[in-house]
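Everything in the sequence shown is counted per the numbering used here, starting at 180 for the first residue and increasing by one.
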Amino acid sequence: MMNNSGLAGKTALVTGGSRGIGRAVSLALAAEGVAVAINYVANDEAAEETRTAVAAQGIDCHTYKADVSDAGQVNRMIEAIEADLGPVDLLVTNAGYGALEEHGKLSFETWRWMMSVNADGTFLPVAALASGMAERGYGRIVCVASIAALRARPALISYSAAKAAVISFARSCSEVFAPNVRINCVAPGLIDTDLGSEVGPDASAKMIAATPLKRIGQPEEIADAVVFLLSDRSSYISGQTLAVSGGRVTVP
């Protein structure tokens, strides 16, 4: 149901928008009356399923296959989006990936991979869109980070560093592109997605036990936080990181 979010009639780009958190964000934005451009990199079937679900709400929705860590592909994607839907008002940089690392063994290959997917994949869409938003006098950006960026993660050193880079980048950009463009981050904890399941049942059980709310999060709960930060309900919030983690960020 549409409300006082101020989002109706806007156009959004959601990177990594076909599955998991991205799919939930795409559907939540559609419920607010937002036209949605869904970016994905590989899974055509998932992208079409999400597009169909968004379109079923009577919302204009298109899918765009592109690697957001590749500048050329990002620029071509945005050109296509603007031709189909007009200028992008809202950006959610959700595309990302995590990889566990063997304790005490650092891999430069993994480091470069995590930085490319997570940090470059955030930088390039923001860099391509933020200036235009500022010139038009309106823009809202939410970057999906992780609580891994907010606390020690011995098995996720490269991933946590990449997500910390996302947070620092967004914080600095929030000042550069102010006052008419607001930029914030959400930092999810363990979420019930394909990526979340890759930690394995034993690690997942330990993480849930260490979470004050004693459960795994749902993609829709992250989507609610994203929509809040995009909406007029957060009109005096910029440069911040909202942890949506069942309280886990507050404990060792």
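Don't be surprised by glycine CBs; every beta carbon is placed ideally from N, CA and C.
If you're wondering where the values come from, they're calculated on a predicted model, not measured in any experiment.
Using a Cβ distance threshold of 8 Å, T190 and P304 do not count as a contacting pair. For the stretch 252 to 281, the continuous beta strand (DSSP E) assignments of 3+ residues that do not extend past its boundaries occur at 269 to 272, in sequence order.
Assignment of beta strand (DSSP E) within the stretch 321 to 390, counting only whole runs of 3 or more residues, yields 360 to 367 in chain order. In the three-state DSSP reduction, G318 falls in the strand class (E or B). A distance of 8 Å or more separates the beta carbons of A203 and E354. With a 10 Å radius around the Cβ and a threshold of 16 neighbouring Cβ atoms, E211 comes out buried. Counting along the chain, the unbroken alpha helix (DSSP H) around L206 starts and ends at 199 to 210. The beta carbon of E261 sits closer than 8 Å to the beta carbons of V267 from its chain, once the five residues preceding and following it are set aside; these are given in chain order. Just so you know, the alpha carbons of Y338 and V213 end up roughly 31 Å apart. Ranked by Cα distance from A422, the first of D403, R412, D411, S410 is D403.
Sorting A245, F356, N222 by C-alpha distance to the C-alpha of E314 places F356 at the top. Note on R198: 16 or more other CB atoms within 10 angstroms of its CB, so buried under the neighbour-count rule.
The beta carbon of G196 sits closer than 6 Å to those of S205, I217, N218, all from its chain and outside the five residues before and after it, given in chain order. The Cβ atoms of A341 and A298 sit closer than 8 Å to each other. Approximately 5 Å separates the beta-carbon atoms of G368 and R427; this is inside 8 Å, confirming the contact. In chain order, D246 place their CB closer than 6 Å to the CB of V220, counting only its own chain and leaving out the 5 sequence neighbours on each side. No Cβ-Cβ contact shorter than 8 Å links L208 with L270. Counting every other CB atom within 10 Å of its CB across the protein chains shown gives A226 a total of 16 or more, marking it as buried. Closest option to T301, judged by alpha-carbon separation, among L285, A389, A382, A324: A324. DSSP places A309 in the helix class (H, G or I) of the three-state scheme. Within the DSSP secondary-structure output, K244 pairs in a beta bridge with Y219. Around the beta carbon of F287, fewer than 16 other beta carbons lie within 10 angstroms, which makes this residue exposed.
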